[in-house]
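Protein chains in written order, with our numbering: chain S, 1 to 234; chain C, 1 to 359.
Cβ atoms here follow ideal geometry from the backbone N, Cα and C, with glycine treated the same way.
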Amino acid sequence: MNSFLQNDWSPLWISLATSVAATFFTFVAGLAAAAWRERHHGAAMALVDGFFLLPLVLPPTVVGFFLLLLFGRNGPVGKLLFRFGETVVFSWPATVIAATVVAFPLMYITARAALEQVDPHFLQAARTLGASEWRVFREVALPLAWPGVLAGTILSFARALGEFGATLMLAGNIPGKTATIPIVIYFAVESDDLQLAIEWCLVDVTISLALLGGLYYWTRSQAARTSSSRWARS
Amino acid sequence: MPLEVQIAKRLRDFTLDVSFTAGSAPLSILGPSGAGKSMLLRCVAGLENPDQGRITLNGRALFDGHSKIAIPARERRVGMLFQHYALLPHRTVAENIAFGLDGISTDEKIRRSAALMDRVHISDLANRYPRELSGGEQQRAAIARALATEPEALLLDEPLSALDTHLRSQMEAQLQETFAEFKRPVLLVTHNIEEAYRLGDRLLVLSRGRVAAYGDKEQVFRHPPTVEVARLTGCKNFSRAKTISPDAIEAIDWGCRLTVTQPIAGTPVHVGIRAHHVDFLEAESQASPNDNVFPCWLVRSSETPFRTTLFLRLNQPLENSSDYHLQAEVFKEKWLHFRDRPFPWHVRLSPQSLFLMQE
Chain S
1 MNSFLQNDWS PLWISLATSV AATFFTFVAG LAAAAWRERH HGAAMALVDG
51 FFLLPLVLPP TVVGFFLLLL FGRNGPVGKL LFRFGETVVF SWPATVIAAT
101 VVAFPLMYIT ARAALEQVDP HFLQAARTLG ASEWRVFREV ALPLAWPGVL
151 AGTILSFARA LGEFGATLML AGNIPGKTAT IPIVIYFAVE SDDLQLAIEW
201 CLVDVTISLA LLGGLYYWTR SQAARTSSSR WARS
Chain C
1 MPLEVQIAKR LRDFTLDVSF TAGSAPLSIL GPSGAGKSML LRCVAGLENP
51 DQGRITLNGR ALFDGHSKIA IPARERRVGM LFQHYALLPH RTVAENIAFG
101 LDGISTDEKI RRSAALMDRV HISDLANRYP RELSGGEQQR AAIARALATE
151 PEALLLDEPL SALDTHLRSQ MEAQLQETFA EFKRPVLLVT HNIEEAYRLG
201 DRLLVLSRGR VAAYGDKEQV FRHPPTVEVA RLTGCKNFSR AKTISPDAIE
251 AIDWGCRLTV TQPIAGTPVH VGIRAHHVDF LEAESQASPN DNVFPCWLVR
301 SSETPFRTTL FLRLNQPLEN SSDYHLQAEV FKEKWLHFRD RPFPWHVRLS
351 PQSLFLMQE
């Protein structure tokens, strides 16, 4: 009988680091895309939407395969990077790229819905008060859409944490480098190491519960803060 | 004139096509819902662009269809008061007011917002959030916020429509005070006739995107040029008319001959009288020949707390019919005084109160 997780905690750190990095990129890109899309209307926008949402509907393996074509030794991006002596495929950044791309649609779709919900009169009032478009977004639209944007961020983090298919295609299973928790679980099951698989599953469940619990308490404290500020001053 | 507007914009059901100027006297823009009033304000504020035309403010072109100028809203220096105030819900009153005060020191911001809050009497609400304020307080905060940027013109979109009746007169006083201090162009959009009259010095009546009447408010109310304007300014009684002599007409729908004092220019095709101008006489003998006195019968009446509206038929009663010729409005006291008198009653349509209109 081996010790817990065979004393190798690296998949946990890789998973967390990957998810944090992917959430960061997907937050920025998803929000920017949503804000940009808010201002553009027309028939061509349906295509843009389709492209942005593709990673959500395609099987992750297909997304991973496309990424492999793009970032591989002979892919357009891969070639360019190789010229600077960089290889993305089967490296830690590959896990981040895969997770970012797969999580992106969730951030985009949620942020867009949240921004659309903001009453345009607030934005117009800000404009008549002399605010630049950046200030209108940063100080009016974003704060008012914040609950939705936050929900999108959390969904993205959860999606990045659970990412498997695209990651396996692009980053492979290199212990201590690209082996995230889902990948370790898969290969543990495949090699009949059920105990290791169960232990990692427990870790995953723990992280998820902690995430949900933290979220629950955070929203409760937010609600309490708003209602206390409502009465404290009156 | 400081503000000159001449624009056209195709809307869904009609074309907004208006031209007017505004100086330091507030201009009321009156019209029914959907007449294009708000769109007009939004074009001046820069939230929408007209299809063509020109808007200038103190000599500065804000929009010019010819030279393709469309200054963005943030650079127009035009303050706007939205119907539901649009106070930023995540900022306190003081922060809302300071929002437009960008690029100055924090001390200066605090000093200026405090002065503005003082001006609209909400100094004690600085740290409240908009949702903690009453409608009137929200409006005061919105006024202060709009004035903070020291705009060169102020636009108000239905400023009192979201308020309870008892708050309206208070806020009307606040607005009058604000306009008096502001001394720059003020455009005030409303569908309420009394508001338009009380708050504006001049009046523009808008109907389906067109200017139906424009000028001094007294003039527009006293002599509405068309039936439409008369109706939009609250007149209830109209009749088709035919000229008989230089000072007499025949009111076709009322079935009577009327003496008029207003010179009959062109072909007046309608005559009108406001409901509160219809006079009731104690006895027929009080009347002189050219006084337009007619016997009348009551068809029905409708009471409000202080006034009664009477629906009348002239000349002869009509059994089993609710058709009426005129609506008269009288104070309750007067109504109680003569309601039990036998018919016919006698009404006078004073020549001074009658006005002639085009279709």
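- Item | Distance between GLY64 of chain S and HIS90 of chain C (C-alpha atoms, nearest Å) | For HIS90 of chain C and GLY64 of chain S, the distance between alpha carbons rounds to 42 Å.
- Query: Can you name the start and end residues of the alpha helix (DSSP H) that MET45 of chain S belongs to?
  - Reply: Start and end: 44-57.
- Task: Would you identify the three-state DSSP class for GLY162 of chain S, choosing helix, strand or coil?
- Result: In this structure, GLY162 of chain S counts as helix in the three-state DSSP scheme.
- Query: In whole angstroms, what separates the C-alpha of ARG233 of chain S from that of LEU68 of chain S?
  - Reply: Because the pLDDT of ARG233 of chain S is 38, which lies under 50, any placement of that residue in the model is unreliable, and the number read from its coordinates should be weighed accordingly. Cα-Cα distance, rounded: 58 Å.
- Task: With a floor of 3 residues, list each beta strand (DSSP E) that falls wholly inside the stretch 174-200 of chain C, ordered by position along the chain.
- Result: Fully contained in the stretch 174-200 of chain C are the following beta strand (DSSP E) runs of length 3 or more, in chain order: 186-190.
- Message: Check whether the stretch 143-160 of chain C and the stretch 44-59 of chain C touch, using three or more Cβ-Cβ pairs below 8 Å as the test.
- Response: The stretch 143-160 of chain C is in contact with the stretch 44-59 of chain C.
- Task: Let me know the secondary structure DSSP gives TRP231 of chain S once reduced to three states.
- Result: For TRP231 of chain S, the pLDDT reaches just 40, beneath the cut-off of 50, and the residue's location in the model is therefore unreliable, although a value from the coordinates is still provided. Assigned with DSSP and collapsed to three states, TRP231 of chain S falls in helix.
- Query: In the structure shown, what three-state DSSP assignment does GLY79 of chain C receive?
  - Reply: Strand.
- Message: If we define contact as Cβ-Cβ less than 7 Å, is PRO147 of chain S a contact residue for chain C?
- Response: PRO147 of chain S has a beta carbon lying at 7 Å or more from every beta carbon in chain C.
- Message: Taking the beta carbon of HIS325 of chain C as the centre, do at least 16 other beta carbons fall within 10 Å, making it buried, or is it exposed?
- Response: Buried, by the Cβ-count rule.
- Mark ASN237 of chain C as exposed unless 16 or more other C-beta atoms lie within 10 angstroms of its C-beta, in which case mark it buried. Answer is buried; the Cβ neighbour count reaches 16.
- Query: Quick one: does GLY100 of chain C have its CB under 7 Å from some CB of chain S?
  - Reply: Cβ-Cβ to chain S under 7 Å: yes for GLY100 of chain C.
- Query: Quick one, which residues of the stretch 56-80 of chain C are near chain S if we go by CB-CB under 7 Å, in chain order?
  - Reply: Hits within the stretch, in order: ALA73, ARG74, VAL78, GLY79, MET80.
- Between C:ALA196, C:LEU206, C:PRO72, C:GLU158, which lies nearest to LEU16 of chain C when the distance is taken from Cα to Cα? Considering only C:ALA196, C:LEU206, C:PRO72, C:GLU158, the residue with the shortest C-alpha distance to LEU16 of chain C is C:LEU206.
- Query: Is GLU282 of chain C helix, strand or coil when you go by DSSP?
  - Reply: In the structure shown, GLU282 of chain C sits in coil (DSSP, three-state: anything other than H, G, I, E or B).
- Task: Give me the Cβ distance between ILE193 of chain C and LEU41 of chain C, rounded to the nearest whole Å; I'm assuming they're in contact under 8 Å.
- Result: Wrong, their Cβ atoms sit about 19 Å apart, outside the cutoff.
- Answer yes if the stretch 331-346 of chain C comes into contact with the stretch 195-204 of chain C, meaning at least three C-beta pairs across the two stretches below 8 Å, and no otherwise. Using a C-beta cut-off of 8 Å, the stretch 195-204 of chain C makes no contact with the stretch 331-346 of chain C, since fewer than three inter-stretch Cβ pairs fall below that distance.
- Query: In its own chain, which residues sit with a C-beta less than 6 Å from the C-beta of ALA32 of chain S, not counting the 5 before and 5 after it?
  - Reply: So no residue of the chain qualifies.
- Message: Measuring alpha carbon to alpha carbon, tell me which residue in C:ARG145, C:LYS334, C:THR21 is nearest ASP102 of chain C.
- Response: Answer by Cα proximity: C:ARG145.
- Short CB-CB distance (under 7 Å) between PHE137 of chain S and chain D: No chain D is part of this structure, whose protein chains are labelled S and C.
- Query: Where does PRO295 of chain C sit, in a helix, a strand or coil, going by DSSP?
  - Reply: Of the three classes helix, strand and coil, the one that applies to PRO295 of chain C here is strand, per DSSP.
- Item | C-alpha gap between LEU81 of chain C and GLU181 of chain C, whole angstroms | Each residue's Cα considered, the two are about 17 Å apart.
- Item | Alpha carbon of MET39 of chain C to alpha carbon of GLU48 of chain C, nearest angstrom | C-alpha separation (whole angstroms): 8 Å.
- Item | For PHE24 of chain S and ARG37 of chain S, the rounded distance between their alpha carbons | Approximately 20 Å, taken between the alpha carbons.
- Message: Out of S:PHE71, S:MET107, S:VAL96, which one is the CA nearest neighbour of ILE14 of chain S?
- Response: Restricting attention to S:PHE71, S:MET107, S:VAL96, the CA atom closest to the CA of ILE14 of chain S is found in S:VAL96.
- Taking only the alpha-carbon atoms, compute the straight-line gap between SER229 of chain S and ARG128 of chain C and give it to the nearest angstrom. Confidence at SER229 of chain S is low in this model, with a pLDDT of 46, below 50, so its placement is unreliable and the value that follows should be read with caution. Going from the Cα of SER229 of chain S to the Cα of ARG128 of chain C covers about 9 Å.
- Query: Between S:THR61, S:PHE104, S:THR87, S:THR26, which lies nearest to GLY50 of chain S when the distance is taken from Cα to Cα?
  - Reply: Taking each of S:THR61, S:PHE104, S:THR87, S:THR26 in turn and checking the Cα distance to GLY50 of chain S, the smallest one comes out for S:PHE104.
- Compare the Cα-Cα distances from ARG307 of chain C to each of C:VAL330, C:HIS270, C:ALA98 and report the closest residue. Looking from the CA of ARG307 of chain C, the closest CA among C:VAL330, C:HIS270, C:ALA98 belongs to C:VAL330.
- Item | 7 Å Cβ cutoff met for HIS270 of chain C and VAL227 of chain C | Cβ atoms of HIS270 of chain C and VAL227 of chain C: closer than 7 Å.
- Task: Whole angstroms is fine: what's the gap from THR21 of chain C's alpha carbon to PRO2 of chain C's?
- Result: Put simply, the backbone Cα of THR21 of chain C is about 8 Å away from that of PRO2 of chain C.
- Query: What do you get for VAL28 of chain S, buried or exposed, if any count of 16 or more other CB atoms within 10 angstroms of its CB means buried?
  - Reply: Exposed, because fewer than 16 other Cβ atoms sit within 10 Å of the Cβ of VAL28 of chain S.
- Query: Relative to the alpha-carbon of PRO185 of chain C, which residue among C:PRO344, C:PRO305, C:ILE7, C:ARG77 has its alpha-carbon at the smallest distance?
  - Reply: Answer by Cα proximity: C:ARG77.
- Query: Which of helix, strand or coil does DSSP assign to ASP8 of chain S?
  - Reply: DSSP, reduced to helix, strand and coil, places ASP8 of chain S outside both helices and strands of the structure shown, so it counts as coil.
- Sorted by chain position, which residues of the same chain lie with C-beta nearer than 7 Å to TRP218 of chain S's C-beta, five sequence neighbours on each side aside? Cβ within range, chain order: n/a, list empty.
- Item | Straight-line Cα distance separating PRO295 of chain C from PRO305 of chain C | Taking the straight line joining both Cα atoms gives about 27 Å.
- What number of angstroms, rounded off, separates the C-alpha of TRP231 of chain S from the C-alpha of ALA17 of chain S? At TRP231 of chain S, the pLDDT of 40 sits below 50, so the modelled position is not reliable and the matter cannot be decided from this model.
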